[in-house]
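See structure below.
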Amino acid sequence: MQWLPALFLSFFALLFGLGGGTAFGLTKVVITFASFSEREGVLFVAKDQNIFRKYDLDAEIIYVATGSVALSALSRGSSQFNTGSASGATLGAIAGGSDVAFIAGLVNKLTGALVVSPQIKTPSDLKNKRLAVTSIGGGTWVFTMLALQHWGLDPKRDNIAIRVVGNDAVRAQALASGAIDGAAVGYAFAASLRQQGYRILADLSELGVPYQSTALLARRSFVNQSPDVVEKMLRALVDAIVFIQTPANRETVMKSLTKALHLQRAEDAAEGYERMKTYYDKRIIPSAEGIRNTMRLFENTNEKIRQLKIEDVIDDRIVRKLEKEGLFQ
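Residue numbers (numbering that gives the first Met the number 0): 0 to 328.
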């Protein structure tokens, strides 16, 4: 996995001929991700276990700072795939004319934990407090807003400040320093914060809120031009999910999480693993209901998003083909 500024993605693609070139019979592709948690574990495992190469893909996994940066790289052709969520950035880009679409659903519900300072004991205690997100309209913002909505809370009415801080690791540090009062983070980071005395207010997966938490996105034009590459990518991800969910692979998967997320304690990786193995589903169909939940958050503030139809957002041709072939059985 590489960590590259977005500015260099186009140069990187040009220099190495990514997205169509071949090396030793492998098709080179770039996959970006902006979330920093075990939700991306399927990528880490597929890379570490050479599952991409099994399907003749030379996949470069690149972390970028925000979903907007990832979408920009995808739209420019600097990357071929992005793992992201149904966020304001994603829906806004599609509403603005981008041919990006959700081509597979990897995690189809809210995940992670809302971790808060010890004095916060109930959701109502979040009133007049500060919650951190990666970006306004981004995936963690949607996570947070859907949770608040579930509890009958409104940031404006209840004076809940939403602060832009950074990724899971940065939000965890901000909470530990007292700069914020709470944040939605992945389970591995939540375990570390709990060890330090912070309270897990809620396991978001237990709220029962449908949400396209992690999806694979690509340009429709790329799907049209390279359906074979898309199919290979989807098959590789399904294989990685099966690998993750196989009990005998627990220690191997934990090593991938520890390395990718820079975890300090084995217990944190164990927490991330125990959670992630349950929320992946090898039937990787995008969640129309989960995406609609995000669209509803923006219906009063963004006219273009309000006018979107679900077929404008999802392109599930390849994944439905694989379903008919029995891949998900």
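Glycine included, C-beta positions come from ideal geometry on N, C-alpha and C. Just so it is clear, the structure is predicted and the values come from calculations on it, not from any experiment.
Candidates the options: closest to residue i by CA position
i: residue 56; options: 325, 228, 256 and 179; result: 228
i: residue 126; options: 59, 180 and 288; result: 180
i: residue 97; options: 108, 72 and 34; result: 72
i: residue 282; options: 271, 317, 299 and 306; result: 317
i: residue 174; options: 159, 158 and 193; result: 193
i: residue 76; options: 301, 259, 245 and 222; result: 222
i: residue 103; options: 195, 33, 171 and 235; result: 235
i: residue 304; options: 106, 24, 39 and 95; result: 95
i: residue 166; options: 152, 244, 66 and 294; result: 66
i: residue 184; options: 154, 137, 132 and 195; result: 132
i: residue 40; options: 278, 301, 306 and 176; result: 278
i: residue 74; options: 218, 51, 207 and 252; result: 218
i: residue 196; options: 244, 49 and 117; result: 117
i: residue 280; options: 123, 182 and 233; result: 233
i: residue 153; options: 272, 215 and 123; result: 123
i: residue 322; options: 50, 207 and 284; result: 284
i: residue 158; options: 128, 143, 172 and 168; result: 128
i: residue 359; options: 31, 35 and 206; result: The question about residue 359 has no answer, for the chain in this structure spans 0 to 328.
i: residue 245; options: 272, 231, 54 and 230; result: 272
i: residue 230; options: 31, 78, 326 and 49; result: 326
i: residue 62; options: 298, 78 and 48; result: 78
i: residue 314; options: 51, 31 and 101; result: 101
i: residue 149; options: 205, 319 and 172; result: 205
i: residue 31; options: 80, 207, 237 and 151; result: 80
Exposure of residue i, with buried meaning 16 or more beta-carbon neighbours within 10 Å
i: residue 211; result: buried
i: residue 10; result: Because residue 10 carries a pLDDT of 42, less than 50, the predicted location of this residue cannot be relied on, and the following value inherits that uncertainty. Its Cβ having fewer than 16 others within 10 Å, residue 10 is exposed.
i: residue 135; result: exposed
i: residue 241; result: exposed
i: residue 290; result: buried
i: residue 263; result: exposed
i: residue 121; result: exposed
i: residue 141; result: buried
i: residue 139; result: buried
i: residue 239; result: buried
i: residue 247; result: exposed
i: residue 292; result: buried
i: residue 310; result: exposed
i: residue 338; result: With the chain covering only 0 through 328, there is no way to say anything about residue 338.
i: residue 7; result: Caution is warranted here: a pLDDT of 48 is assigned to residue 7, below 50, making its placement in the model unreliable, and no coordinate value can be reported.
i: residue 300; result: exposed
i: residue 170; result: buried
i: residue 143; result: buried
i: residue 17; result: Residue placement at residue 17 cannot be trusted, given a pLDDT of 43 that sits under 50; what the coordinates show is reported in the next sentence. Buried, since its Cβ has 16 or more Cβ neighbours within 10 Å.
i: residue 328; result: exposed
i: residue 68; result: buried
i: residue 270; result: buried
i: residue 224; result: exposed
One or two residues paired with residue i in a DSSP bridge
i: residue 83; result: 214
i: residue 32; result: 62 and 82
i: residue 101; result: 216 and 313
i: residue 162; result: 131
i: residue 209; result: 108
i: residue 307; result: None, per the DSSP bridge assignment.
i: residue 181; result: 115 and 130
i: residue 202; result: 112
i: residue 56; result: 26
Any chain C beta carbon closer than 8 Å to residue i
i: residue 196; result: No chain C is present in this structure, which holds just one protein chain.
Expected contact under 8 Å - CB spacing of residue i and residue j to nearest Å
i: residue 199; j: residue 112; result: 5 Å
i: residue 187; j: residue 267; result: 5 Å
i: residue 286; j: residue 226; result: At roughly 22 Å, the Cβ-Cβ gap does not stay under 8 Å, so residue 286 and residue 226 are not in contact.
i: residue 178; j: residue 114; result: Their Cβ separation, rounded to whole angstroms, is 14 Å, which puts residue 178 and residue 114 out of contact at 8 Å.
i: residue 307; j: residue 90; result: 7 Å
i: residue 82; j: residue 213; result: 6 Å
i: residue 274; j: residue 59; result: With 8 Å as the limit, residue 274 and residue 59 do not qualify as a contact, their Cβ atoms being about 27 Å apart.
i: residue 146; j: residue 201; result: 7 Å
i: residue 216; j: residue 99; result: 6 Å
i: residue 92; j: residue 70; result: 5 Å
i: residue 130; j: residue 162; result: 7 Å
i: residue 64; j: residue 33; result: 7 Å
i: residue 43; j: residue 296; result: Not really, about 29 Å apart at Cβ, beyond 8 Å.
Boundaries (first-last residue) of the alpha helix (DSSP H) holding residue i
i: residue 153; result: Per DSSP, residue 153 belongs to no alpha helix (DSSP H) and is neither H nor E.
i: residue 196; result: Segment: none, residue 196 is in no alpha helix (DSSP H) and carries neither H nor E.
i: residue 170; result: 167-176
Start-to-end residues for the beta strand (DSSP E) that takes in residue i
i: residue 130; result: 129-132
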